[in-house]
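Colleague:
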Amino acid sequence: MRGKFLPERFFFLCVAACLISGCSVQRPDAALDTPRCNGSRLDKVAAYRGKARAKAPVRVDYLTLLSEVRNPAIYIYKEKRRLYVVQSNVIVRDYPITLGSHPVGDKQASGDGRTPEGDFYVCGKTGSDRLNRALTLDYPDREHARHALSSGLITPRQFDKILLALEAKTVPPWDTRLGGQVSIHDTQDGLERAAHGGIELYGSDMQELYKVASIGTPVHIRP
Numbered sequence: 001m002r003g004k005f006l007p008e009r010f011f012f013l014c015v016a017a018c019l020i021s022g023c024s025v026q027r028p029d030a031a032l033d034t035p036r037c038n039g040s041r042l043d044k045v046a047a048y049r050g051k052a053r054a055k056a057p058v059r060v061d062y063l064t065l066l067s068e069v070r071n072p073a074i075y076i077y078k079e080k081r082r083l084y085v086v087q088s089n090v091i092v093r094d095y096p097i098t099l100g101s102h103p104v105g106d107k108q109a110s111g112d113g114r115t116p117e118g119d120f121y122v123c124g125k126t127g128s129d130r131l132n133r134a135l136t137l138d139y140p141d142r143e144h145a146r147h148a149l150s151s152g153l154i155t156p157r158q159f160d161k162i163l164l165a166l167e168a169k170t171v172p173p174w175d176t177r178l179g180g181q182v183s184i185h186d187t188q189d190g191l192e193r194a195a196h197g198g199i200e201l202y203g204s205d206m207q208e209l210y211k212v213a214s215i216g217t218p219v220h221i222r223p
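Under our numbering, the residue at position 53 of the sequence shown is numbered 53, and the numbers go up by one with no gaps.
1. Let me check understanding here. Comparing Cα to Cα, which of G197, A213, L209, P218 lies closest to P116?
2. Look at the alpha carbon of L164 and the alpha carbon of D112, and state the distance between them as a whole number of angstroms.
3. If you draw a straight line from the C-alpha of A213 to the C-alpha of L166, how long is it?
4. Assuming P156 is part of the alpha helix (DSSP H), what are its boundary residues?
5. Hey, out of A145, R157, E79, whose CA is closest to P96's CA?
6. Measure how close the beta-carbons of D119 and P172 come, nearest whole angstrom, since I'm counting them as under 8 Å.
7. Given K125, which residues of its chain have a CB within under 8 Å of its CB, disregarding the five upstream and five downstream residues?
8. Could you pull out every residue in the same chain whose Cβ sits closer than 7 Å to the Cβ of R27, ignoring the five residues on either side in sequence?
9. In terms of alpha-carbon separation, which member of G127, V122, P72 lies closest to S88?
10. Between which residues of its own chain and R59 is the CB-CB distance below 8 Å, once the five residues before and five after are set aside?
11. Excluding the five sequence neighbours on either side, which residues of its own chain have a C-beta within less than 6 Å of the C-beta of S93, listed in chain order?
12. Is the Cβ-Cβ distance between F159 and A145 less than 8 Å?
13. Could you spell out where the alpha helix (DSSP H) holding E208 opens and where it closes?
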């Protein structure tokens, strides 16, 4: 009779030992939804869930009313010649754009006709709802200024002025060899080459963008 109950006793002893040691009993498929007590395991689960949220698919909803677009982000893809307005991981607007005379490659200096690449924000908003609308970007930004300083394109004094303007959230200097006056602006006569490495939109598209963008709106420009 003792031999008959030995497997059951052995099972209960294993469970008791596991509970005393501070572990948890898991199903074979519970690798993610029930973390173990091990601290490194908790870190891995948190990292996994963070990556899963970061890779959440982007949805598209062009029927979103402009009045419902608040605190959007702007994404510009130079090769595609498209500008996307994104809110809460949803693309709410998609506009065709044109770039400068040399659209390929990151902006290096004044007059090169290139549009800068990187992460910027709107630091100036000029014009009106009807005429000469422009969203000025904080170019030259910190990364472009650092590269220009290391290559001798700008002086340490100019570098400091650029950083001070960026820290104050104002328009950085445009009188260095890095150039400036880069903006998202409209055209009344069809898409042509944008000036100063800027991004040009049709007037009707810019009118919409002008309404939803504000000072501080993030602008991400990709190759």
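Glycine included, each C-beta is placed from N, C-alpha and C at the ideal position.
From a predicted model like this one, the values you see are computed outputs, not experimental measurements.
Modeller: Judging by the given coordinates:
1. Against the sequence shown, residue 116 aligns to sequence position 116. Selected option, being the one with the closest Cα: G197.
2. By 1-based counting over the sequence shown, the position of residue 164 is 164. By 1-based counting over the sequence shown, the position of residue 112 is 112. Distance between the alpha carbons of L164 and D112: 25 Å.
3. Mapped onto the sequence shown, residue 213 falls at position 213. Mapped onto the sequence shown, residue 166 falls at position 166. About 19 Å.
4. Here the question's residue 156 lines up with position 156 in the sequence shown. That run of the alpha helix (DSSP H) goes 156-167.
5. On the sequence shown, position 96 is the one that residue 96 refers to. If we check each option's Cα against that of P96, E79 comes out closest.
6. Taking the sequence shown and counting its residues from 1, the one referred to as residue 119 is at position 119. Taking the sequence shown and counting its residues from 1, the one referred to as residue 172 is at position 172. With a Cβ gap of about 15 Å, D119 and P172 do not count as contacting.
7. For the purposes of this step, residue 125 is identified with residue 125 of the sequence shown, where counting begins at 1. A134, L135, T136, Y210, A213, S214, I215, listed in sequence order.
8. Residue mapping note: residue 27 aligns to position 27 of the sequence shown, counting from 1. Residue placement at R27 is poorly supported in this model, since its pLDDT is 35, which falls under 50; the coordinates still yield a value, given next. Within the same chain, R27 has no close Cβ partners at all.
9. The sequence position of residue 88 within the sequence shown is 88, counting from 1. The option with the nearest alpha carbon to S88 is P72.
10. Your numbering for residue 59 matches position 59 in the sequence shown. Closer than 8 Å at the Cβ level, and outside the excluded window around R59, lie N89, V90, I91.
11. Reading the sequence shown from its first residue, position 93 is the one you call residue 93. With the sequence shown as reference, residue 93 is identified as Arg, and Ser is not the correct amino acid for it. Closer than 6 Å at the Cβ level, and outside the excluded window around R93, lie V85.
12. For this step, residue 159 is matched to residue 159 along the sequence shown. For this step, residue 145 is matched to residue 145 along the sequence shown. Result yes, Cβ atoms of F159 and A145 sit closer than 8 Å.
13. The count along the sequence shown starts at 1 and reaches residue 208 at position 208. Residues 203-212.
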